[in-house]
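Protein sequences appear in the order of chains A and B.
The opening position of the first sequence corresponds to residue 10 in the numbering used here, with each subsequent residue numbered one higher.
The opening position of the second sequence corresponds to residue 62 in the numbering used here, with each subsequent residue numbered one higher.
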Amino acid sequence: MTATFPLPYPNADAPGEDLIARCVHCGFCLPTCPTFAVLGVEMDSPRGRIRLMKTVWERRLGADAAGFDDHISKCLDCRACETACPSGVEYGKLVEGARSQIVAVRPRSRIERAIRVAAFDWLLPHRRALGAFASISVLAKRLGARAVLRATHLRAAGRMADLLDLVPDRASASGPPRIVRARGERRARVALLRGCVMGSVFAPTNAATARVLARNGIEVFVPDDQTCCGALHAHAGERDRARALARRNIAAFEKAEGSERGRAPFESVDAVIVNAAGCGAAMKEYGWLLKDDPEWSTRASAFAAKVKDATEYLADIGVREQPRGLGVRATWDDPCHLLHGQKVREQPRALLAAIPELELIPLAEADWCCGSAGTYNVTQPDLARAVLDRKVGHILRSGADVVITANPGCLMQIQAGLRAAGSRVTVVHLMDLLDQAYGP
Amino acid sequence: MRGLVDLLGPSKVLGARADLVVYEYDGAVDTATPDAVVLPESTADVSALARFCHEHAVPIVPRGAGTGLSGGAIPVEGGVVVSFARMARIVEIDAANLRAIVQPGVINLHLSTAAAPYGLHFVPDPSSQKACTLGGNVAENSGGPHTLAYGVTTNHVTGLEIVLSDGEVVRLGGKAIEHEGYDLVGTFVGSEGTLGLVTEITVRLVPLPEDKRTLMAAFETMDAASETVSAIIAAGIVPGAIEMMDQLATEAVEAAVHAGYPLDAGAILLVEVDGPRDGLDDIRQRIETICRENGARSIRIAATALERERLWAGRKGAFAAMGRLSPDYYVQDGVIPRTRLPEILRVVKGAGERHHLRVANVFHAGDGNLHPLILFDLRDGPEELERAKAAGLEILTACVEAGGSLTGEHGIGMEKNCYMPLQFAAQDLAAMRRVKEAFDPAGLMNPGKVFPTPSRCREFVLAAAR
Chain A
10 MTATFPLPYP NADAPGEDLI ARCVHCGFCL PTCPTFAVLG VEMDSPRGRI
60 RLMKTVWERR LGADAAGFDD HISKCLDCRA CETACPSGVE YGKLVEGARS
110 QIVAVRPRSR IERAIRVAAF DWLLPHRRAL GAFASISVLA KRLGARAVLR
160 ATHLRAAGRM ADLLDLVPDR ASASGPPRIV RARGERRARV ALLRGCVMGS
210 VFAPTNAATA RVLARNGIEV FVPDDQTCCG ALHAHAGERD RARALARRNI
260 AAFEKAEGSE RGRAPFESVD AVIVNAAGCG AAMKEYGWLL KDDPEWSTRA
310 SAFAAKVKDA TEYLADIGVR EQPRGLGVRA TWDDPCHLLH GQKVREQPRA
360 LLAAIPELEL IPLAEADWCC GSAGTYNVTQ PDLARAVLDR KVGHILRSGA
410 DVVITANPGC LMQIQAGLRA AGSRVTVVHL MDLLDQAYGP
Chain B
62 MRGLVDLLGP SKVLGARADL VVYEYDGAVD TATPDAVVLP ESTADVSALA
112 RFCHEHAVPI VPRGAGTGLS GGAIPVEGGV VVSFARMARI VEIDAANLRA
162 IVQPGVINLH LSTAAAPYGL HFVPDPSSQK ACTLGGNVAE NSGGPHTLAY
212 GVTTNHVTGL EIVLSDGEVV RLGGKAIEHE GYDLVGTFVG SEGTLGLVTE
262 ITVRLVPLPE DKRTLMAAFE TMDAASETVS AIIAAGIVPG AIEMMDQLAT
312 EAVEAAVHAG YPLDAGAILL VEVDGPRDGL DDIRQRIETI CRENGARSIR
362 IAATALERER LWAGRKGAFA AMGRLSPDYY VQDGVIPRTR LPEILRVVKG
412 AGERHHLRVA NVFHAGDGNL HPLILFDLRD GPEELERAKA AGLEILTACV
462 EAGGSLTGEH GIGMEKNCYM PLQFAAQDLA AMRRVKEAFD PAGLMNPGKV
512 FPTPSRCREF VLAAAR
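What follows is the structure, given as structure tokens:
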């Protein structure tokens, strides 16, 4: 009990004492935590994880302890606990800080390091590489690679087959043009984040987003030189890598040329629009990410203040053109990083209510994670499956024909879960649904 | 430790350091690290565990959700913490007989949610009801805002299955409201895990009221609000709940829930009446009049269910919102005769000032059940907790002297056991101890709780002697 761990963790990202001290360990977060629901142990609850961070802070436990890594890694980072917390504990900052501690002090195998370099440095930030990877995956899936992999009965091959389950039936990189002009009188001018997965797999959703905004009098431009937002890097504790991407994005959006009148200053851009909830949550936190960088912190905060989810922005500015009716039985599933990360709850519901004839069925536990959680379904497949099964069960019981959400990870994960359950229910991004309602 | 794994299997036993440090706390201030944590999945597991611990003379400490506020789940003398997180099944809802049978790990609110389709609910509603377990409610004889009209946990439990410290499984009571012989169910409810382990609970379910009216009144002073409470009861009205919050508590609560609580009021009353819709508005009108006569400066009536929910979310999240004001708090639970409210609230204020600590108040005014939240910061040193406890003791002493008690619903635990002599004579405590020894002769069930212990209470006894 008296052992102390004098290891220095001089890591500016480590969970700070003030953030930890906000937690009064009341336990209100426990019943909202998906991993606690599955595992039933305090270490895999938000309160328990904060206690582990505190214990590391007090040097009663090493940041390199296997248990610390294990339980911090098992967190979905869904942040449902933040919504539940009356004391306003900023759990997302805490858990990402703890992961950065672990990255700093815990040795990793050569294979794991190689995977991290490949995923975080090569694939995600490079749209073409990611696009090629997505196309190959779709092709492999169509050619029946999963059956071949599973037939080997090798664990690693089985895991790869599981991953191919997640791949959508088609991937498309054909997004919107650089500028999509407003229809009718222009009300606003916004810049759109292309996104890494959105840009290489769900690019038609980007095009739909631009069309829907343009229909409502909002000019949309897509700045060049933008890159992956860095959310997945930050979630994995790779904060230096996340910072590098954040700086590139801020610079790219700041110098964006969108208008035909030539260079327009960033101040004149009304918002930076993001249609992937995970990316939006991360970009709204660029100020925090770069808080210790004197050259960038002010710029990052100014940039972050402009970031809006597409549903949030459209509902707040108001739908100007009435969509046509869509006779579907739909249910809305809140992306965690929209509801818990960005505290956006009412706006997507308002947009759905604006579509005539759409029957909106409430989804039980719509505020629960689906298990996608960035790369969680890759790193923690068993837990992700358990969390997904719970979600799929609620969807099937709801009787809806379509699940509406607003994040690429959720789209892929929920669709894979429904497919595996033999269901024909489809999962659609809210911007695609609106685009469909508006028609050509 | 190895023996436990052999007995129950590795998935039900925790022993790594990173596992044990997260079972060293509950919702309050005391901490102690267990030697092992066991997660039983059945009564048979619990019985096997008890037998094992009996054989090896290892203390057993039951734990629900760890939301307790008196250190009840803290293994102060070491041993095994038994978490009931995996015994969380609603076994039966017997709507026709207004009963439910549950495992101890079921969350309080989940039972009411499950009973709602039958038009029923489980009445005791502690503020932590979203998280706390029914096993914990039984152990602490928990209350909640609505106990004013409907009683506390003991009034809503009719049967128990328990495992004694030698592993024997015993059934007490059942679905009937009365049983012949000793009222052992009543003895067990509120025994804080010191008599045995509860493995199944039979509870009463009560029809949901047809309608409710919820009213929030703001006052300049705590005195005016206290007078109002007495005036409401004196008028022959027994509302479902009467809750009070002071300005500091309101500040934290409003930041958490944005319910529209006025931040500049000296005190806020939250009053709820429920029952048949007919006549409900008359009662609400009478309460409103009494509030105005006693100086209420503003009154708001919840117009929608959502608004009512918000107001209650604020009240029920009040303790949990204290992190906005201070990293640590020490909450007292003294009960006083309602008519002495103004006087004792002045004692509370004085105790805070004397010890240079801020105190927030949020409590069940109708019951006279105080909850002063004494704010401190442990990062300034361990003596901060001692100061908070000293202030708390002044308040509790005043409560007992006013004819009240040490605890209304949080339990004695390891937090107030040293103070038991304030309330009970030596022979009273000896009689209680004989009950404990009848059930747990080996003294292994949650040791160091409820009764004063020589090692931890010596200083208090010495101070009292001075």
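Every residue gets a Cβ at the ideal spot worked out from N, C-alpha and C, and that includes glycine.
A quick note: this is a predicted structure, and the numbers were derived from the prediction, not measured.
_Residue range of the unbroken alpha helix (DSSP H) whose run includes Y44 (chain B)_ = Nothing can be reported for residue 44 (chain B), as the shown portion of chain B is limited to 62 through 527.
*asked:* Looking at the secondary structure, which residues open and close the beta strand (DSSP E) in which T414 (chain A) lies?
replied: 411-414
_Contacts that G76 (chain A) makes with chain B (C-beta to C-beta distance below 8 Å)_ = A77, R78, A79, D80
*asked:* Whole angstroms are fine: how far does the CA of E445 (chain B) sit from the CA of V392 (chain B)?
replied: 14 Å
*Could you tell me which chain A residues have their CB closer than 9 Å to the CB of Y179 (chain B), listed as they occur along the chain?*
Going along chain A, no residue has its Cβ under 9 Å from Y179 (chain B), so there is no contact; the nearest lies around 18 Å.
_Residues of the stretch 100-127 of chain B whose Cβ lies closer than 7 Å to any Cβ of chain A, in chain order_ = L100, A126, G127
*By a C-beta neighbour count over all protein chains shown, 10 Å radius and 16 as the cutoff for buried, is N507 (chain B) buried or exposed?*
buried
*Residues in the stretch 374-392 of chain B with C-beta within 8 Å of chain A's C-beta atoms, listed in sequence order?*
G378, A379, F380, A381, A382, M383, G384, R385, P388, D389, Y390
_The alpha helix (DSSP H) that contains R371 (chain B), what's its start and end?_
366-377
*Once you ignore the five residues that flank R220 (chain A) on each side, which residues in its own chain have a CB closer than 6 Å to its CB?*
D444
_Check whether the stretch 25-45 of chain A and the stretch 399-416 of chain B are in contact - that is, three or more C-beta pairs closer than 8 Å._
no
*asked:* Pull the bridge partners of I424 (chain B) from the DSSP assignment, please.
replied: This sequence places Phe at residue 424 (chain B); Ile is not what is there. Partner(s): B:M305.
*Cβ contact (3+ pairs, closer than 8 Å) linking the stretch 434-450 of chain B and the stretch 375-388 of chain B*: yes
*Of the listed residues B:A156, B:G340, B:A463, nearest to V267 (chain B) (C-alpha basis)*: B:A156
_Once DSSP output is grouped into helix, strand and coil, what is the label at V408 (chain B)?_
helix
*Using 8 Å as the Cβ pair cut-off and three pairs as the minimum, do the stretch 226-241 of chain A and the stretch 198-206 of chain A touch?*
yes
_Determine whether the beta carbon atoms of T263 (chain B) and G234 (chain B) lie at a separation below 8 Å._
yes
*asked:* If you follow the alpha helix (DSSP H) that K497 (chain B) is in, where does it begin and where does it stop?
replied: 487-500
*Cβ of Y84 (chain B) less than 8 Å from any chain A Cβ?*
yes
*P40 (chain A) versus chain B: which residues are under 7 Å apart at the beta carbon?*
I168, K191, A192
*Extent of the continuous alpha helix (DSSP H) run through S203 (chain B)*: Per DSSP, S203 (chain B) belongs to no alpha helix (DSSP H) and is neither H nor E.
_Exposure of K477 (chain B), with buried meaning 16 or more beta-carbon neighbours within 10 Å_ = buried
*How do the stretch 296-304 of chain A and the stretch 321-336 of chain A stand: do at least 3 beta-carbon pairs fall below 8 Å, yes or no?*
no
_Assigned secondary structure, T282 (chain B) (DSSP; H/G/I helix, E/B strand, else coil)_ = coil
*Measure the C-alpha to C-alpha separation of L309 (chain B) and M283 (chain B) and round it to an integer number of angstroms.*
12 Å
*Which residues share a DSSP beta bridge with R198 (chain A)?*
A:E228
*asked:* Across the stretch 231-250 of chain A and the stretch 100-108 of chain A, are there enough close Cβ pairs to call them in contact, namely three or more that are closer than 8 Å?
replied: yes
*Run the CB neighbour count on R495 (chain B), radius 10 Å, all protein chains shown included, and call it buried at 16 or more, exposed below.*
exposed
_For a quick check, are the C-beta atoms of T260 (chain B) and E201 (chain B) less than 8 Å apart?_
no
*In chain B, which residues lie with their C-beta within 7 Å of the C-beta of V98 (chain A)?*
G384
_In this structure, how does DSSP classify A430 (chain A) when only helix, strand and coil are distinguished?_
coil
_Taking CB distances under 8 Å as the criterion, tell me whether G88 (chain B) reaches chain A._
yes
*What is the residue span of the alpha helix (DSSP H) that R115 (chain A) lies within?*
R115 (chain A) -> no alpha helix (DSSP H), and no H or E assigned at all.
*Per-residue DSSP class, three states only, for D78 (chain A)*: helix
*Using CA coordinates, which residue listed in B:R124, B:R232, B:L159 is at the minimum distance from V167 (chain B)?*
B:R124
*Just how far apart, CA to CA, sit V337 (chain A) and L258 (chain B)?*
52 Å
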